[in-house]
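Residue numbers (this note's numbering): -18 to 189.
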DNA sequence: CCCAAGATCCACT
DNA sequence: GTGGATCTTGGGA
């Protein structure tokens, strides 16, 4: 991984200008980094989901639904779409381009850097549970609603080069059982056999 | 203003 | 596998 002054090098804006399903797969293995006054925390992305409004019933932007919350999804690719779910903040990357409200939800990381800080923020010691879910990883990295709309190609919140997965598993998205036919779309991607993935699920197929 | 729903997590059985 | 915690958002009155 490339490092500069103890920090990492953000991927350029152009990285985010690829079709959402490709981006969701390209993000696997990349390093998600958050720098704060408390320190730097980072982890490899090991699980993602694609949300492709306006035709995706599971997406907040279904039917081009444009509200205060979803506004950033209509902006340019590479911005942060964060939102609150119960007591948790969930982190998404805007994709699709201007007026195409699509996004990739980051569902799990493999802890890499700043692990002690993550343990403090989470109040637990178990490495496996630090970032194994969309609500857990934002808490470990210190990602909040203040990051809404941030440009991911510049600090303090950005994505850097990581590793290239040898195998990617594909399955149905999690937690959208009320979204009718959209529940079956094969738009969940994870690094095969990675132990930090949020849930075990039978893969529909594997990409090698 | 009121209220229902939710891209979750954890403890418990 | 199930249920409760907990609170914001958005739609409707």
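Note that CB positions come from ideal geometry on N, CA and C, so glycine has one too.
Hey, out of the options, whose CA is closest to residue i's CA?
| i | options | result |
| --- | --- | --- |
| residue 37 | 169, 187 and 160 | 160 |
| residue 136 | 54, 60, 73 and 40 | 60 |
| residue 154 | 109, 85 and 46 | 85 |
| residue 225 | 145, 69 and 178 | The chain is shown only over -18 to 189; residue 225 falls outside these bounds and no answer can be derived. |
| residue 162 | 133, 4 and 40 | 40 |
| residue 132 | 42, 166, 119 and 53 | 53 |
| residue 130 | 47, 45, 174 and 51 | 51 |
| residue 68 | 9, 144, 172 and 126 | 126 |
| residue 233 | 143, 56, 47 and 112 | Past the edges of the chain, shown from -18 to 189, lies residue 233, and the structure says nothing about it. |
| residue 57 | 146, 134 and 101 | 134 |
| residue 81 | 100, 101 and 47 | 47 |
| residue -12 | 184, 175, 156 and 139 | 139 |
| residue 73 | 156, 175, 5 and 176 | 5 |
From residue i to residue j, what does the alpha carbon distance come to, in whole angstroms?
| i | j | result |
| --- | --- | --- |
| residue 11 | residue -10 | 11 Å |
| residue 188 | residue 148 | 6 Å |
| residue 150 | residue 94 | 25 Å |
| residue 19 | residue 106 | 18 Å |
| residue 49 | residue 75 | 15 Å |
| residue 115 | residue -5 | 25 Å |
| residue 7 | residue 104 | 31 Å |
| residue 124 | residue 182 | 27 Å |
| residue -3 | residue 96 | 27 Å |
| residue 168 | residue 141 | 23 Å |
| residue 170 | residue 152 | 7 Å |
| residue 42 | residue -8 | 26 Å |
| residue 2 | residue 31 | 6 Å |
| residue 63 | residue 98 | 21 Å |
| residue 173 | residue 118 | 19 Å |
| residue 77 | residue 45 | 13 Å |
| residue 21 | residue 145 | 23 Å |
| residue 71 | residue -1 | 22 Å |
| residue 113 | residue 128 | 20 Å |
| residue 87 | residue 55 | 19 Å |
| residue 184 | residue 156 | 16 Å |
| residue 34 | residue 176 | 30 Å |
| residue 100 | residue 180 | 21 Å |
| residue 29 | residue 111 | 17 Å |
Taking its Cβ as the centre, do 16 or more other Cβ atoms sit within 10 Å of residue i, making it buried, or is it exposed?
| i | result |
| --- | --- |
| residue 79 | exposed |
| residue 16 | buried |
| residue 13 | buried |
| residue 186 | exposed |
| residue 83 | buried |
| residue 66 | exposed |
| residue 165 | exposed |
| residue 121 | buried |
| residue 158 | exposed |
Which residues does DSSP list as the beta-bridge partners of residue i?
| i | result |
| --- | --- |
| residue 90 | 26 |
| residue 76 | 83 |
| residue 126 | Answer is none; residue 126 lacks a bridge partner. |
| residue 137 | In the DSSP output, where bridge partners are listed per residue, residue 137 has none listed. |
| residue 7 | Residue 7 pairs with nothing; no bridge assigned. |
| residue 69 | 66 |
- Do the stretch 20 to 32 and the stretch 80 to 99 meet, that is, are 3 or more Cβ pairs less than 8 Å apart? yes
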